[in-house]
Amino acid sequence: MTLRRVLPRIFAEAGSARDVLLRIGLRPDQILPFADARTFWQEMFARIDAGAVQQPHYRLLAEVLEVYPYHPQLRELAERYGVIGPGDHDEVVPFRSLAAADEPDPEPEPEPSPVEGIRATDLDDRVVHVLVRAGSEDERQTAEATLAGLGLEPQEVWSTPYAVSFAVAFADPATVRRRLDDTDLSWNVVPPGRRDYLLRALYVEGPDGRAFRIRDVPAQQTVGDVSAQVMGAEYPTSDPTRNVVVEHLKPDGTDRRLNSQDTLDDAGVRDGDRVRLGVEATAGSINPLDRQDALFRARNQLMAFADSRPDVSVRANSTELPTEYEIDFVARSFAPGPPSSGAPDEPGDPVETSKHQVRIQLPPEFPIQPPLVFWVTPIFHPNVYPNYDGPLARKRPFMRGKVCLGALDELYQPSLDFSELAQVLVDIAGFRNYGLFEVGGAVDEEPTVRGNYYDRRAAEWVWDNQDRIAGIGGTVFFRPRSVGGTYRNVIEFLPDPDDSDPDDPRSEDEFGAGGGG
Numbered sequence: 001m002t003l004r005r006v007l008p009r010i011f012a013e014a015g016s017a018r019d020v021l022l023r024i025g026l027r028p029d030q031i032l033p034f035a036d037a038r039t040f041w042q043e044m045f046a047r048i049d050a051g052a053v054q055q056p057h058y059r060l061l062a063e064v065l066e067v068y069p070y071h072p073q074l075r076e077l078a079e080r081y082g083v084i085g086p087g088d089h090d091e092v093v094p095f096r097s098l099a100a101a102d103e104p105d106p107e108p109e110p111e112p113s114p115v116e117g118i119r120a121t122d123l124d125d126r127v128v129h130v131l132v133r134a135g136s137e138d139e140r141q142t143a144e145a146t147l148a149g150l151g152l153e154p155q156e157v158w159s160t161p162y163a164v165s166f167a168v169a170f171a172d173p174a175t176v177r178r179r180l181d182d183t184d185l186s187w188n189v190v191p192p193g194r195r196d197y198l199l200r201a202l203y204v205e206g207p208d209g210r211a212f213r214i215r216d217v218p219a220q221q222t223v224g225d226v227s228a229q230v231m232g233a234e235y236p237t238s239d240p241t242r243n244v245v246v247e248h249l250k251p252d253g254t255d256r257r258l259n260s261q262d263t264l265d266d267a268g269v270r271d272g273d274r275v276r277l278g279v280e281a282t283a284g285s286i287n288p289l290d291r292q293d294a295l296f297r298a299r300n301q302l303m304a305f306a307d308s309r310p311d312v313s314v315r316a317n318s319t320e321l322p323t324e325y326e327i328d329f330v331a332r333s334f335a336p337g338p339p340s341s342g343a344p345d346e347p348g349d350p351v352e353t354s355k356h357q358v359r360i361q362l363p364p365e366f367p368i369q370p371p372l373v374f375w376v377t378p379i380f381h382p383n384v385y386p387n388y389d390g391p392l393a394r395k396r397p398f399m400r401g402k403v404c405l406g407a408l409d410e411l412y413q414p415s416l417d418f419s420e421l422a423q424v425l426v427d428i429a430g431f432r433n434y435g436l437f438e439v440g441g442a443v444d445e446e447p448t449v450r451g452n453y454y455d456r457r458a459a460e461w462v463w464d465n466q467d468r469i470a471g472i473g474g475t476v477f478f479r480p481r482s483v484g485g486t487y488r489n490v491i492e493f494l495p496d497p498d499d500s501d502p503d504d505p506r507s508e509d510e511f512g513a514g515g516g517g
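Residues in the sequence shown are numbered from 1 upward in steps of one, following full-length UniProt numbering.
What follows is the structure, given as structure tokens:
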């Protein structure tokens, strides 16, 4: 694998190829006309190897790693040539540290202005960057003209065949978002100090097993934005009230659930990684198991879940075939506040809580009948029957703390995975899984919507206090415009997820291995 064989696959379009060559110090008149990517780069490497610029391979590697810092083949080359240290996954060595010893140090930059009016190039690491989806030179020029027309003073930082990044003359992301809101651009805002780079390819497995590829995904786009775009584009008839979860699939076969509000960068998703989308609380379907096997299976799955989570403990009423479990765990949530003197039968303003205990009971007819779940510690949640003192709890004391499990109840199968059940309970506590409404059958060709809760007061409070739900990391019903922007990804269907993908950065270079670059 050599640099001259990798770059034609990454910078396969005239505008982005020209841009990266200008950034390493070539003059416009030194860049050859673009015919096809392979021919262009072969001829350009011959020119730069003849001495057009100093240390061209170092410069190229440093520049392209700024855009694709986690591309496996680029990182391997960068380690080979000392652009980054072995195993370094965060920083690219600035090119100035690689320059020839007799090259003079650059002049110090003037002290930049702290607010609006600064030139973007003077304050590149302290200003907002705007990524725009642009697949042609005309689209890039339109994007730059639009940003200039908004008074953002854009300066191009880098471009690829699918996207272009501009530094703008503002340090406040909210100001930039407000100006971009009414444009037709597909954009993503990168706040000052955050890393401005792309994932060249992200592979997504849908709920039905279909595989998709997204090219040039902004690393500062949120996990939730990516999943919402895939579900909206490829599964338009899916139930919007069902919570979509995203799991990061690791090479060793394990997976890790991601927070939908984290950026891809913060979530640790890297170039060429795979994620899986799923609609939460949909149990699998296999033949019913007999009671003894089912009790063994439930015990083993709950113990495995506890072993994988240091904040979870499980106790059972038997060491062999338990029929009742108590699970303790930690999750930010809300408990009912003390009632006021004027309304002693109503809970006060909810207060934050984090320690929880739930009880799982396996009825005599288990596994034919589903488990029963009750919340033991105080909680203020629309899908948990009030376990605090009040009219509802006094009217039906046998219901105190009963948890509405939604689809796990409605679609229950004897094959229910109890580690999934435990995860659902953690998500219920953190308001990442809750329901206020249920979409029913159509009336006059319009779907009907009705309340879907146990605790009406909690449902009303949640509806009116979505900001507090967001404050503990919960899912909000009316999510505000993404803080990253309205960057619209292009989602490509991959007919067979097991087929070799020539553009997967983890696959073998299509040109074969080679010597030094």
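Glycine included, every Cβ here is placed at the ideal spot set by N, Cα and C. In this text, all values refer to a predicted model and were calculated from it rather than measured experimentally.
Item to check | Cut-off 6 Å between Cβ atoms - residues of its own chain near L425, not counting five sequence neighbours on either side | outcome: V358
Checklist entry - Comparing alpha-carbon positions, which option in G430, H356, R194 lies nearest G471? => result G430
Item to check | Contact set for residue 518: own chain, Cβ-Cβ below 6 Å, skip 5 residues either direction | outcome: Since the first residue of the chain shown is 1 and the last is 517, residue 518 is not available in this structure.
Item to check | Rounded separation between Q54 and R210 - CA only | outcome: 47 Å
Checklist entry - Three-state secondary structure (DSSP) at P104? => result Bear in mind that the predicted position of P104 carries a pLDDT of just 39, short of 50, making it unreliable; the figure below should be weighed with that in mind. Three-state DSSP puts P104 in coil, outside helix and strand.
Next on the checklist: Suppose you measure from the CA of P364 to the CA of S318; what does that come to, to the nearest Å?
Outcome noted: 15 Å
Checklist entry - Given a threshold of 16 other Cβ atoms within 10 Å of its Cβ, counted over all protein chains shown, does residue 518 qualify as buried or as exposed? => result Given a span of 1 to 517 for the chain in the structure shown, any question on residue 518 remains unanswerable.
Checklist entry - Since L147 and V130 are thought to touch, with beta carbons under 8 Å apart, how far apart are those beta carbons, to the nearest angstrom? => result 6 Å
Checklist entry - Out of curiosity, what's the CA-to-CA distance linking Y388 and F398? => result 13 Å
Checklist entry - To the nearest whole angstrom, what separates the beta carbons of N188 and Q221, a pair I think is in contact under 8 Å? => result 6 Å
Item to check | Helix, strand or coil at F477 according to DSSP, with G and I counted as helix | outcome: coil
Checklist entry - Rounded to a whole number of angstroms, what is the C-alpha to C-alpha distance between A12 and R5? => result 11 Å
Item to check | Minimum length 3: unbroken beta strand (DSSP E) runs contained in the segment 254 to 326 | outcome: 255 to 257, 274 to 279, 313 to 316
Checklist entry - With respect to the alpha helix (DSSP H) encompassing S419, which residues constitute its N-terminal and C-terminal limits? => result 418 to 429
Item to check | Stretch pair the segment 193 to 207 + the segment 137 to 151: three plus CB contacts closer than 8 Å | outcome: no
Checklist entry - Would you say the segment 347 to 354 touches the segment 331 to 339, given that touching needs at least three Cβ pairs under 8 Å? => result yes
Checklist entry - Taking all protein chains shown into account, do 16 or more other C-beta atoms lie within 10 angstroms of the C-beta of A17, making it buried, or fewer, making it exposed? => result buried
Item to check | Closest Cα partner of E79 within the set Y68, L61, E66, V67 | outcome: L61
Checklist entry - Under a Cβ-count criterion, where at least 16 other Cβ atoms within 10 Å of its own Cβ denotes burial, should T263 be classed as buried or exposed? => result buried
Checklist entry - For S16, which three-state DSSP category applies? => result helix
Item to check | Straight-line gap, E66 to A422 (C-alpha atoms, nearest Å) | outcome: 41 Å
Checklist entry - For I368, is the classification buried or exposed, using 16 other Cβ atoms within 10 angstroms of its Cβ as the cut-off for buried? => result exposed
Checklist entry - Could you give the residue range of the alpha helix (DSSP H) that holds I10? => result 3 to 10
Checklist entry - How far does the beta strand (DSSP E) with H356 in it reach, from first residue to last? => result 348 to 361
Item to check | Backbone CA spacing between W463 and F380 [nearest angstrom] | outcome: 13 Å
Checklist entry - Could you give the distance in angstroms between the alpha-carbon of P192 and the alpha-carbon of P218? => result 15 Å
Item to check | Beta-ladder partner(s) of D181, from DSSP | outcome: Answer is none; D181 lacks a bridge partner.
Checklist entry - If you draw a straight line from the alpha carbon of P173 to that of P414, how long is it in whole angstroms? => result 50 Å
Checklist entry - What runs of the beta strand (DSSP E), each 3 residues or longer, lie entirely inside the segment 166 to 252? => result 187 to 190, 198 to 205, 211 to 218, 244 to 249
Checklist entry - From the DSSP output, which residues share a beta bridge with F493? => result F212
Checklist entry - Mind checking Y224: buried by the 16 CB within 10 Å criterion, or exposed? => result The amino acid at residue 224 is misidentified as Tyr; the sequence shows Gly. Buried.
Checklist entry - Is it the case that the Cβ atoms of F374 and K402 are separated by a distance below 7 Å? => result yes
Checklist entry - Taking DSSP as the reference, what is the three-state secondary structure of A143? => result helix
Item to check | Local conformation of Q155 per DSSP, three classes | outcome: strand
Checklist entry - From K250 to R133, what distance separates their C-alpha atoms? => result 28 Å
Next on the checklist: Comparing C-alpha positions only, which one of T142, V157, P207 sits nearest to T183?
Outcome noted: T142
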